[in-house]
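Take the sequence shown: its position 26, counted from the start at 1, is 26 in the UniProt record's numbering, and no numbers get skipped.
Just so it is clear, CB atoms sit at the ideal spot from N, CA and C, and this is done for glycine as well.
Have a look at the structure below before the remarks.
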Amino acid sequence: MPKVKISVGRVALQVDLLDTPTAKAILAAVPFESRAATWPGEVYFQAPVRTPLESDALEVVQSGEIVFRSEGESIIIGYGPTPCSDGDEIRLAARANLWGRTNDALAGLAEVEAGDLVRVEAVDPA
C-alpha cells in the first residue's frame with residue numbers, strides 16, 4: 001500500500017493511502033510544500049490537486065482520517081472537535097474526500113501555527 005509522509009511543525013505523519021481517485025491525485029502531486037492554516041480541531045493546507053467531490057465524501061471524520069476538500073483544494077487533518085462539532089466528534093465545515101489514514105499521534109497538531117511549513121512526500125516502500 002502506498003504511503004506519504006506529511007510533516008508540519010514538529011509533527012510527522014505516515015499516511016496509508018486508500019484506493020480512491022483523490023489518493024491517486026495526491027500521490028501524483030508529491031512532493032510538494034505548502035503553509036499550514038489552522039481552525040480549532042483542524043490543520044489544513046493547500047495542495048496542488050484538483051479532484052471533484054466523491055459520492056462518499058465525509059462531513060464527520062474519525063481521528064486519523066485524512067481528507068481533501070475540493071472547494072479550496074485543501075488537505076485537512078482533523079484532530080479534535082471543531083466549532084461545527086456536536087460533542088467530541090470531528091465535524092468538518094464542508095464535506096471532503098477521504099483519501100488516507102494514519103495511526104500516528106495527532107495531539108501535536110494543536111501546537112501547529114498558521115504559516116508553518118508543510119511538506120508532503122512519498123514514502124519509499126520498505
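Considering just the uninterrupted stretch of the beta strand (DSSP E) at residue i, what are its terminal residues?
{"i": "A110", "result": "Unbroken run through A110: none, as it is neither H nor E."}
{"i": "L17", "result": "11-17"}
{"i": "E121", "result": "117-122"}
{"i": "E65", "result": "65-69"}
{"i": "V8", "result": "3-8"}
Per DSSP, residue i is paired with what?
{"i": "T38", "result": "V43"}
{"i": "D88", "result": "For D88, which the question treats as bridged, DSSP gives no partner whatsoever."}
{"i": "L58", "result": "A96"}
{"i": "E33", "result": "R119"}
{"i": "G78", "result": "E42"}
{"i": "R101", "result": "D16, E65"}
May I ask you to report which of helix, strand or coil DSSP gives residue i?
{"i": "L27", "result": "helix"}
What's the gap between the Cα of residue i and the Cα of residue j?
{"i": "P52", "j": "S63", "result": "23 Å"}
{"i": "V43", "j": "A28", "result": "22 Å"}
{"i": "A57", "j": "A107", "result": "24 Å"}
{"i": "A94", "j": "R50", "result": "16 Å"}
Using 8 Å for Cβ pairs, my map puts residue i next to residue j. What's the rounded Cβ distance?
{"i": "W99", "j": "I26", "result": "6 Å"}
{"i": "V112", "j": "V4", "result": "Actually they are not in contact, since the Cβ atoms of V112 and V4 sit about 18 Å apart, beyond 8 Å."}
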